[in-house]
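Numbered per my numbering, the sequence shown spans residues 422 to 526. Beta carbons: idealized from backbone N, C-alpha and C, even for Gly. Inspection log for the structure reproduced underneath, given as structure tokens.
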Amino acid sequence: LAIFHQMTVRQMIAVIHESDLVIDNDSSPSHVATAFGIPAIVLFSQAVREIFRPYHPVKDQHFVFYNDVDCRECELTHCDDRICLDFSPDEVYTQALKMLSHEEG
Numbered sequence: 422l423a424i425f426h427q428m429t430v431r432q433m434i435a436v437i438h439e440s441d442l443v444i445d446n447d448s449s450p451s452h453v454a455t456a457f458g459i460p461a462i463v464l465f466s467q468a469v470r471e472i473f474r475p476y477h478p479v480k481d482q483h484f485v486f487y488n489d490v491d492c493r494e495c496e497l498t499h500c501d502d503r504i505c506l507d508f509s510p511d512e513v514y515t516q517a518l519k520m521l522s523h524e525e526g
């Protein structure tokens, strides 16, 4: 659910704290999730994925999706191509199931 932009920071933190997994772009919710030790899938666009450093890194607790395209570090705020955001929903879903089953196991 794309709900975080409708919440106050306090509300966002409360929802994340009760979550089993957060899927978000490289923004506050993904950083809050990893700070709480909540698994996160981060969808990167034009940024360098290596700059995502969780506050409490735990093996297999976060996963970064990104597309290694030539224009990846463009830093444009508007783009007509958006190839950097061409993620497969099936791949994200599969990764989410893998991370959730790891939590239960």
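Inset, instruction - Report the option in Asp-501, Asn-488, His-499, Asp-502 whose CA atom is closest to the CA atom of Val-513. - result: Asn-488
Legend entry - Endpoints, the alpha helix (DSSP H) within which Ile-434 is located: 430-438
Inset, instruction - Could you tell me the distance, in whole angstroms, from the CA atom of Phe-484 to the CA atom of Val-463? - result: 6 Å
Legend entry - For His-483, the three-state DSSP class (helix, strand or coil): strand
Inset, instruction - Using DSSP bridges, identify the partner residues of His-464. - result: The question names His, yet the displayed sequence has Leu at residue 464. Answer is Asn-446, Phe-486.
Inset, instruction - Measuring alpha carbon to alpha carbon, tell me which of His-499, Arg-503, Ile-459 ends up nearest Val-443. - result: Ile-459
Inset, instruction - Quick one: residues in its chain with C-beta nearer than 8 Å to the C-beta of Phe-508, no 5 flanking neighbours on either side, listed in chain order? - result: Leu-464, Phe-486, Asn-488
Legend entry - Neighbourhood of Gly-526 by C-beta, 6 Å cutoff - its chain only, sequence neighbours within 5 removed: Confidence at Gly-526 is low in this model, with a pLDDT of 49, below 50, so its placement is unreliable and no value can be given for it.
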